Structure formats: C-alpha cells, structure tokens
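**Q** If you're matching them up, the sequences are chains V and C in order. Counting from 1, one number per residue, gives the positions in the first sequence under our numbering. Counting from 1001, one number per residue, gives the positions in the second sequence under our numbering.
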Amino acid sequence: MFGFGYTGIIASMKKVGGASYGALTTAWITATGETDVTILGGLNTFETSISTIISKGKAVYPYAGGNATKHSYNFLNTALYQHTFFGGWTHNSNGAEPNGSNAYATTGINPSTISTLNNLSLHYYGRVNSASVSAMMGSFDGSNRCHLLPNANTVSYMGINESTAFGGSAITTNGLISSSRLLSTTGKAYKNGSLVYSDGSNSNVAPNLQLYVGALNVNNLPLYYTTVGSSFCAVFEGLTDAENTLLYNAIQSLQTTLARNV
Amino acid sequence: MKLTDITQSEWTTYVGLLTIEQKDLIVGQQYTTDSYFNPIQDLNDNWVISIEEMNYCTNVDYLWVKDLDLIIYEPKAVVNPF
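Set out below in structure tokens:
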C-alpha cells in the first residue's frame, strides 16, 4: 500500500531532533508536528515491532498526542483514511474517548474495497470495561456486517463480512479487542492477542459502507454508540493467531511506554 | 440549568437543548479544530448536543452553545439488530 517495502522504509530513515526515526514515524512528525520524544520513541519502536506484518496494515490510529487533529491521522499513511470526529469526544493523553451518546469518527475505510472478502481484521484497544449493545467500530448494511461488539451484556457480536455475526460469550472491553477472518468458514475473536473463540460462521458479502469508530455505521447513520475510550485502533488484512499476538505485544509495549496500558 | 451548574461526572446525564434554528446553524460546523457538532434527537424529539461539544467549543461563531439550557438526556430506544 505504500509503494515501497519495509526495506525501503528502513532505507528512508531520517534523523530528527537528534534521534533517528523510521519512515512512518518521520512522516508522523511531518503531519502532526509531534515533538514529544516519549511518544515518538514509542511510535518508532512500534514501527519496528510490526515490520513483519506492516504490509498487511490498512490503517493504524495510535491516538497519541492529546487532541483531535493528532488523533485523526493514520500512522501507516498520514495522507489516507484520516478520521473526522463528530459529536462529543474527549481527547487527552490516554487517547480518544467517545461519550456514548453522539460521538463517532469516520474512517473512509470501506470493507468492500479495502481487502478481499476473507482477509480482514479489526482492532480496538479499550480503556475500560463496559457492558452494553454498543460498537467499538464497524459498519452494517442491514444484511452484512463488519464490526466489533465484544460485550453486548452477556454475548459478543463479532462480524467480518458476513450476514450472521459470529459470537460467543461476552468479552470484557478493557484491552485489545480483535476480530479476524482468514477463511470463508471461520471468524475469530481475540482479547489481548489471545484467541477467545473461533466461530464457524461463513462469510457472505462485505458491507459497502465505511467503518465508523465509536459507533456502528448502519446505512450511513451512526448507531450503537460506545463509551469505551480508545488508546489505539487499527484495520489490517486478516491476521493469524501468531500475528495477532505480535500486534498485541507491539501495541501493549507502546501503551506501556506512554504510561497508559490497561 | 446551565453548563456551569454541573460537574464533569454529570456530563453523561445532561445535554444542551437546541431550537431547530440553532440545530441548523451548527450542523456541519466545527466546535473546535477537527471536531464537528453532531446534533441528535432525544426520546422526545428534542434536538440536543452533548456537554463535550458545549464545553470544548472554541469556535468563536458558536460560543453561544455554552449558554444553552441543559436537560436530562433521554436517548431514543435502539432496537438490537443482532
């Protein structure tokens, strides 16, 4: 997606303010004007840590920096899939917190075009546990869905490009919640990089609607708003169990560096 | 009741009440940099905005939202589609 491989990224590393940063972190500095060396060091380590799966990345929102502008950028490509925030968000050093009543963010990421049917994953690092029928992110056209609803009271609804959400027991929302599909016959749900359950729901059609964050995009209307604040959100191609663990470890290391790990 | 009468722990309890004309004025407008108003209708079809939008508003054209009357937020019922 970048037009160059990770070898090219390493080759384009630059020295900024006395420290050397990778290409993505350098581009982040250019886009956001970030000067906090703790944040930049954390992002740089994250960039290196995900090098083996970076080609599968579509968008990564680190929510580091404390305001809506910095939180709007996609770390993987600051010129693509920038958030627009609507309604009541609180932005601070912990990330972006929607109010659960009218807050959501657009992504421009359409599951029907961002990847192939059986090759997509969603990731949301929640700061608190909250049980309600609310969506961390996703879209739903009335028939087909792509979303994370991990703690709808007693059950979870995790869907990747299917008509019937695959689900299981509720998953507490504090930590990294992920849903991944690599097969037409199976969807998987993860908490903190570990498999929670695998469900035999078949893929059908990807919703032709952009993903919202903080709510579910239901035919271009935000519904099922969440109160769960986020310190990280991402969209990748489908990831294996091992790759989900790798991604979690990289994200958790970043959160620890920023002193906001849960 | 006004914004200055509540504490942050009460933010989720209240919303700012808009007239239809006020709603039309703020739709599509930024209340602060890169953050847009999102008026919604409550259970009684009142147009309202969140306390966050009121409190964090820095757009000089819409600072009047800080003076909106507050009402208790009663959300519309949402059908579980799952």
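Just so you know, even glycine gets a beta-carbon here, dropped at the ideal spot from N, CA and C. Since we're looking at a predicted model, the values are computed, not measured.
(1) For V/Thr256, would you say it is in contact with chain C, using Cβ-to-Cβ distances shorter than 8 Å as the test?
(2) Let me know the secondary structure DSSP gives V/Gly41 once reduced to three states.
(3) Does DSSP put V/Trp89 in a helix, a strand or coil?
(4) At 4 residues or longer, and completely inside the stretch 29-85 of chain V: list those alpha helix (DSSP H) runs for me, N to C.
(5) Looking at the unbroken beta strand (DSSP E) that takes in V/Ala223, where does it start and where does it end?
(6) Given C/Lys1066, which residues of its chain have a CB within under 8 Å of its CB, disregarding the five upstream and five downstream residues?
(7) Does the distance from the CB of V/Ala64 to the CB of V/Leu43 come in under 8 Å?
(8) Are the C-beta atoms of C/Ile1051 and some chain V residue less than 8 Å apart?
(9) Can you give me the Cβ contacts of C/Val1078 inside the same chain, cut-off strictly under 7 Å, excluding the 5 residues immediately before and after it?
(10) Taking a contact to mean a Cβ-Cβ separation below 8 Å, would you say C/Asn1059 touches C/Gln1041 in this structure?
(11) Can you tell me which of C/Thr1032, C/Pro1039 and C/Leu1043 puts its alpha carbon nearest to the alpha carbon of C/Leu1063?
(12) Quick check: the Cα distance between V/Gly57 and V/Ala206, rounded to an integer number of angstroms?
(13) Can the beta-carbon of V/Gly100 be found closer than 8 Å to that of V/Thr227?
(14) For V/Asp199, which three-state DSSP category applies?
(15) Which class does V/Thr186 belong to by DSSP, given the choice of helix, strand or coil?
(16) Ignore the nearest five residues each way along the sequence and tell me which others in V/Asn92's own chain have a CB closer than 7 Å to its CB.
(17) Considering only their Cβ atoms, is the gap separating V/Val196 from V/Ile171 smaller than 8 Å?
**A** On the basis of the data shown:
(1) no
(2) helix
(3) strand
(4) 37-49 and 68-71
(5) It should be pointed out that residue 223 of chain V corresponds to Leu in this sequence rather than to Ala. Its beta strand (DSSP E) spans residues Leu221 to Leu223.
(6) Leu1003, Met1054, Asn1055 and Cys1057
(7) yes
(8) yes
(9) none
(10) no
(11) C/Thr1032
(12) 18 Å
(13) yes
(14) strand
(15) strand
(16) Gly66
(17) yes
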